[in-house]
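Asks: Residue numbers (the UniProt record's numbering): 1 to 72. Note that beta-carbon positions come from the ideal geometry of N, C-alpha and C, so glycine has one too. These numbers come from a predicted model, not from an experiment. After the structure tokens below, expect a handful of questions from me.
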């Protein structure tokens, strides 16, 4: 299962959110972010702008760090 999920992420298959680090856009899956992070869970469960436009501005975090977070 873990390798299947990694393949889905690597191929950007059915991604539904973009994490904008300022220098790079990282495609991800809301459901995975919600399952792994209470911050993302609240962000996407409520009527916040990120939930509506499917883009999260994380420009204060470097792209390498954000990629590690998404792959966690």
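Which value, in whole angstroms, describes the spacing of the CA atoms of residue 49 and residue 3?
Replies: Position 49 of the chain shown, counted from the start, is the residue given in the question as residue 49. Position 3 of the chain shown, counted from the start, is the residue given in the question as residue 3. So the two alpha carbons sit approximately 32 Å from each other.
Asks: Give a single yes or no on whether residue 71 has its beta carbon closer than 7 Å to a heavy atom of the ligand HEM.
Replies: Absence of the ligand HEM is noted for the structure shown, with no ligands found whatsoever.
Asks: With distance defined between alpha-carbon atoms, name the residue in 56, 29 and 70 nearest to residue 14.
Replies: Mapped onto the chain shown, residue 14 falls at position 14. Ranking 56, 29 and 70 by Cα distance to residue 14 puts 29 first.
Asks: Express the C-alpha separation of residue 45 and residue 37 in angstroms, rounding to a whole number.
Replies: As a position in the chain shown, residue 37 is number 37, starting the count at 1. As a position in the chain shown, residue 45 is number 45, starting the count at 1. About 12 Å.
Asks: Pick helix, strand or coil for residue 26, following the three-state DSSP scheme.
Replies: As a first step, residue 26 is located in the chain shown; it is residue number 26 there, counting from the start. If DSSP states are grouped into helix, strand and coil, residue 26 belongs with the strands.
Asks: So, helix, strand or coil for residue 65, using DSSP?
Replies: Reading the chain shown from its first residue, position 65 is the one you call residue 65. In this structure, residue 65 counts as helix in the three-state DSSP scheme.
Asks: Near residue 40, which residues of its chain fall below 7 Å by C-beta distance, leaving aside the five closest residues on each side in sequence?
Replies: The residue given as residue 40 occupies position 40 in the chain shown. Counting only Cβ-Cβ distances below 7 Å, and skipping sequence neighbours, we find 33 and 34.
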